[in-house]
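Structure record follows, encoded as structure tokens.
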Amino acid sequence: MAAKSEKKPIKAVISDFWKSEEQIPSAVREIASVLVTVGIIVAILFLGCGTWPAIVTIESESMVPHMNVGDLVLVVAADRLSPLQSMAEGEASGYQKYGMPGDVIIYRPNGNTDLHPIIHRALYWAPAGQTNITYREMNKATGQIETKQYVAPHDGYITKGDNNPVIDQTGFGDNYRGTGSAIQPVKKEWIIGKAVYSVPYVGYLPLNIGPVIVIVIILMILQELYTRRKSSSDPAVTQTKKK
291 MAAKSEKKPI
301 KAVISDFWKS
311 EEQIPSAVRE
321 IASVLVTVGI
331 IVAILFLGCG
341 TWPAIVTIES
351 ESMVPHMNVG
361 DLVLVVAADR
371 LSPLQSMAEG
381 EASGYQKYGM
391 PGDVIIYRPN
401 GNTDLHPIIH
411 RALYWAPAGQ
421 TNITYREMNK
431 ATGQIETKQY
441 VAPHDGYITK
451 GDNNPVIDQT
461 GFGDNYRGTG
471 SAIQPVKKEW
481 IIGKAVYSVP
491 YVGYLPLNIG
501 PVIVIVIILM
511 ILQELYTRRK
521 SSSDPAVTQT
531 KKK
């Protein structure tokens, strides 16, 4: 009676799979290598910039000409490198960023984590209550355009895209992206960070990062398969294996 073959420990099975030169284990190693590299880059960015996301891509023309669609922007925490300065503070101190006084901030509109962050310039800090900001709005009852005084619901930064004609707090209507509310003055805790450096056009890649990752992985697997097929059909390699 033939003796039963002993079962290999799980650790040994995993080790054999990882060291195998077959196609599937090789492809798994390549994918794991890419994921580890990405993880290291993410960790370095987070530690260096003090915030996440540490890199954002410009997706609209609201900051033209200082930022353009496809620009890749490096973001740091609001207090990193130097204190955050609004446009009003920048005009007083002489501090400029991206061609104008004051910092460009990345913030979550109304603190909503489900909405895409906005990257616009901080104009000044407004206390709660009536401001000196006027805006025009249609009276739904009469159908007439009326000039109104903006009332800040709480303390926060008034923000605006450099290329936009009006501030965010009055320029997106009273139902921003279906939230049932206008964009409110930006509280400090809603700020992800401030923009410090941008690279033109490179951001087009992150805008399509999902398809790009899939394509890269497929190409890596195809390259691996091609290399192994070529090796197995090479007479010199085959002869060496026989020896």
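First residue of the sequence shown: 291, per my numbering; consecutive thereafter.
All C-beta atoms in this analysis are idealised placements derived from N, C-alpha and C, irrespective of residue type, glycine included.
Note that the structure is a prediction, hence the values are computed from the model and not measured.
With the cut-off set at 7 Å, would you say residue i and residue j are in Cβ contact?
i                 : j              : result
glycine 483       : isoleucine 396 : yes
phenylalanine 462 : isoleucine 448 : no
tryptophan 342    : arginine 398   : no
glutamine 375     : tyrosine 385   : yes
isoleucine 348    : valine 366     : no
arginine 319      : leucine 405    : no
lysine 438        : leucine 413    : no
histidine 356     : aspartate 452  : yes
tyrosine 440      : threonine 460  : yes
alanine 416       : proline 475    : yes
serine 310        : glutamate 514  : no
leucine 335       : alanine 322    : no
Could you check where the beta strand (DSSP E) with residue i kicks off and where it finishes?
i             : result
glutamate 436 : 435-442
threonine 347 : 345-347
glycine 446   : 446-450
valine 394    : 394-397
With residue i as the anchor, note down where its alpha helix (DSSP H) starts and where it stops.
i             : result
valine 363    : Counting along the chain, valine 363 falls outside any alpha helix (DSSP H), though it belongs to the beta strand (DSSP E) covering 362-366.
glycine 536   : This structure leaves residue 536 out entirely; the chain is present only between 291 and 533.
threonine 460 : 458-461
alanine 472   : Taken as a continuous stretch (DSSP letters only), alanine 472 belongs to no alpha helix (DSSP H), as it is neither H nor E.
serine 372    : Counting along the chain, serine 372 falls outside any alpha helix (DSSP H), and DSSP gives it neither H nor E.
glutamate 311 : Glutamate 311 -> no alpha helix (DSSP H), and no H or E assigned at all.
glycine 389   : No alpha helix (DSSP H) contains glycine 389, which DSSP labels as neither H nor E.
serine 383    : 377-383
For the putative contact between residue i and residue j, defined by C-beta atoms under 8 Å, what is the C-beta separation to the nearest angstrom?
i              : j           : result
valine 363     : proline 407 : About 11 Å; that fails the 8 Å criterion.
aspartate 361  : proline 443 : Incorrect: roughly 32 Å between the Cβ atoms, too far for contact.
isoleucine 409 : alanine 485 : 6 Å
Between the Cα of residue i and the Cα atoms of the options, which residue gives the shortest distance?
i              : options                           : result
valine 394     : Thr424, Gly493 and Ser352         : Ser352
lysine 478     : Gly401, Tyr466 and Ala431         : Gly401
isoleucine 508 : Ile314, Lys301 and Gln434         : Ile314
arginine 411   : Ile505, Pro391 and Ala382         : Pro391
valine 535     : Gln513, Leu515, Lys520 and Ser488 : With the chain running from 291 to 533 in the structure shown, residue 535 is simply not present.
glycine 493    : Val324, Arg519 and Ser350         : Ser350
valine 456     : Ile423, Ser471 and Ala485         : Ile423
tyrosine 425   : Ala418, Ala431, Ile435 and Gly419 : Ile435
arginine 519   : Val324, Ala302, Lys297 and Glu312 : Glu312
leucine 371    : Pro299, Gly338 and Gly419         : Gly338
methionine 428 : Lys297, Ile505 and Asp464         : Asp464
isoleucine 511 : Pro299, Val324 and Ile300         : Val324
Less than 6 Å between the CB of residue i and some heavy atom of the ligand SAH, yes or no?
i             : result
glutamate 381 : Although the ligand SAH was asked about, the structure shown includes no ligands whatsoever.
Open item on the list: To test your reading of the DSSP string, which unbroken beta strand (DSSP E) runs of 3 or more residues are found completely within the stretch 404-434?
Closed with: 408-416 and 419-428
Task: 4-residue-minimum alpha helix (DSSP H) runs that sit fully inside the stretch 313-358, ordered along the chain - done: 313-339
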